[in-house]
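**Q** Note that the working numbering has the sequence shown beginning at 264, numbered continuously upward.
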Amino acid sequence: MELKNKVIAITGGGRGIGLAIAEHLSKMGARVAIGARTISDLDRALASINAQGNGPHLALTCDVRSLESVKNFADSVESELGAIHGLVAAAGVYGEIGPFLESDIEKWMDALDINLTGVVRTVHVFARKMAQAGGGRIVLFSGGGQATMPNFAPYVTAKGGIWRFTETVAAELSEHGIFMNSIAPGAVNTKFLDDLLTAGPEKVGRAFYEKSLKQREQGGESPEKAAKLVEYLMSSRSEGLFGRCLSAVWDDYENLTGLPEISRSDLFAYRRVVRKDGGTRP
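This is the structure we're talking about:
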C-alpha cells in the first residue's frame with residue numbers, strides 16, 4: 264500500500280480508462296480526485312470509486328480547454344485533500360473522424376485543444392504545485408502518436424505532440440523531483456470505440472472499421488493493464504524514470520533496471536532509425 268493516502272488527480276476520470284485508473288488507485292489506498300466535464304459521469308464515477316473503500320475521494324467539474332477551470336480543479340484538490348502527489352492527464356477525444364480535406368477545421372482545433380494544449384495547461388498548473396511541494400509524478404497518454412492512422416489526423420497529431428512534450432518537458436521537471444512519462448494503454452473498449460463505430464466505415468476506412476468491430480466482439484485490452492502501469496509510475500519503483508512512453512500491453516516495465524540511464528537513452532522514445540547504408544528502416 265505504498266500509495267496509501269497519496270493524493271492523485273485524474274482528468275478525464277469520469278469514465279473509460281480514466282475511471283478504471285481511479286478505481287484501481289483507490290484500491291491501492293490513494294485519495295483520488297477526478298475531473299471531467301459531465302456532471303452525471305462524475306456522480307456515477309465517484310460512487311464507483313467510493314465503493315472501493317479508502318478515501319476521502321473527490322469529483323469536480325474540469326474542462327481542460329479552460330485554464331481557469333484547470334486552476335480551480337487543482338486548487339480544490341489541494342485544499343480538500345492535501346498536497347498533490349500525482350497527476351494522470353486522461354482527458355481525451357478522437358475528435359473529427361474522416362478524410363482531412365473533408366474535415367471541419369474548427370472540430371480539428373477543438374480536438375487539439377483537448378488532447379494537446381489541454382494537457383499542456385494541466386501539466387503547467389499541477390507541476391507548479393508539485394515543484395513547490397518537492398516533487399511528484401505525472402502520467403500522460405500518447406497511444407496512437409507513433410502510428411499512421413488515416414482519417415484520424417487530429418487525434419494522431421495531438422498524440423504525436425504528447426510524445427515530444429513528454430520527452431522535453433520531463434527533462435526539465437526531473438530537476439524538481441517530478442517524474443513525467445506517457446503510456447500507451449492498447450486497444451481498450453471505451454467511448455472512443457463507440458465514436459469510431461458510430462462514424463461508420465466510409466469515414467473510418469473499411470479495414471480499420473472491420474478491425475474495430477472485431478475488437479468490440481473480442482472485448483479489447485483490459486483497462487486494468489493501463490491502471491497497473493499507472494500504479495507503477497506513481498510509485499517509488501519507477502524512481503528516476505522520466506520522459507519515456509511505456510506500453511501497458513507489451514513492455515515488461517516491472518523488471519526495468521537503471522532507470523536514470525534509460526531516461527537519457529533512446530529506449531522507449533520516438534526516434535527516426537537510420538540503416539548503416541544510410542537509408543531509413545521501413
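Just so you know, even glycine gets a beta-carbon here, dropped at the ideal spot from N, CA and C.
Since we're looking at a predicted model, the values are computed, not measured.
Looking at the unbroken alpha helix (DSSP H) that takes in T420, where does it start and where does it end?
**A** Segment A416 to L436, the alpha helix (DSSP H) holding T420.
**Q** What's the call for I368, buried or exposed, on a 16-neighbour Cβ count within 10 Å?
**A** I368 is exposed by the Cβ-count criterion.
**Q** Please work out which residues of its chain come closer than 7 angstroms, Cβ to Cβ, to P545, disregarding the five sequence neighbours upstream and downstream, and give them in chain order.
**A** In this prediction, P545 scores a pLDDT of 49, lower than 50, which makes its location untrustworthy; no coordinate-derived value is stated.
**Q** Tell me the DSSP bridge mates of C508?
**A** Partner(s): S445.
**Q** Might you give, ordered along the chain, the residues of its own chain that have their beta carbon closer than 8 angstroms to the beta carbon of S311, omitting 5 neighbours on each side?
**A** Correct list, in chain order: L282 and E286.
**Q** Buried or exposed, going by whether 16 or more other CB atoms sit within 10 Å of the CB of D376?
**A** So D376 counts as buried.
**Q** So, helix, strand or coil for T274, using DSSP?
**A** Of the three classes helix, strand and coil, the one that applies to T274 here is strand, per DSSP.
**Q** According to DSSP, which residues form a beta bridge with L403?
**A** DSSP, once it has assigned bridges, lists S445 as partnering L403.
**Q** From S445, A322 and L504, pick the residue whose C-alpha is nearest to that of T429; which is it?
**A** For T429, the nearest C-alpha among the options comes from S445.
**Q** Mapping the DSSP letters down to three states, classify L321 as helix, strand or coil.
**A** It is a strand residue.
**Q** By how many angstroms is the C-alpha of E465 removed from the C-alpha of L504?
**A** Each residue's Cα considered, the two are about 42 angstroms apart.
**Q** Mapping the DSSP letters down to three states, classify I368 as helix, strand or coil.
**A** The answer is helix: DSSP assigns I368 an H, G or I state.
**Q** If we count the other Cβ atoms within 10 Å of its Cβ and call it buried at 16 or more, is K267 buried or exposed?
**A** It is exposed - the Cβ of K267 has fewer than 16 other Cβ atoms within 10 Å.
**Q** A314: buried (16+ other C-beta within 10 angstroms of its C-beta) or exposed?
**A** Result: exposed.
**Q** Check L350 in the structure and name its three-state DSSP category.
**A** In this structure, L350 counts as strand in the three-state DSSP scheme.
**Q** So for G281, helix, strand or coil by DSSP?
**A** Note: G281 maps to helix in three-state DSSP.
**Q** Considering only C-alpha positions, which residue in the set L496, E473, T520 and G355 is nearest to S510?
**A** The candidate whose alpha carbon is nearest that of S510 is L496.
**Q** Three or more C-beta pairs under 8 angstroms: does that hold for the segment 329-349 against the segment 357-372?
**A** No, the segment 329-349 is not in contact with the segment 357-372.
**Q** Take P448 and list the residues in its own chain whose beta-carbon comes closer than 6 angstroms to its own, dropping the five residues that flank it on each side.
**A** Same-chain partners within the cutoff: I280, G406, A489 and A511.
**Q** Quick check on this structure: which residue in T420, S366 and G440 has the alpha carbon closest to the alpha carbon of T380?
**A** For T380, the nearest C-alpha among the options comes from T420.
**Q** Considering G381, what are the terminal residues of the alpha helix (DSSP H) in which it resides?
**A** G381 to A396 is the extent of the alpha helix (DSSP H) around G381.
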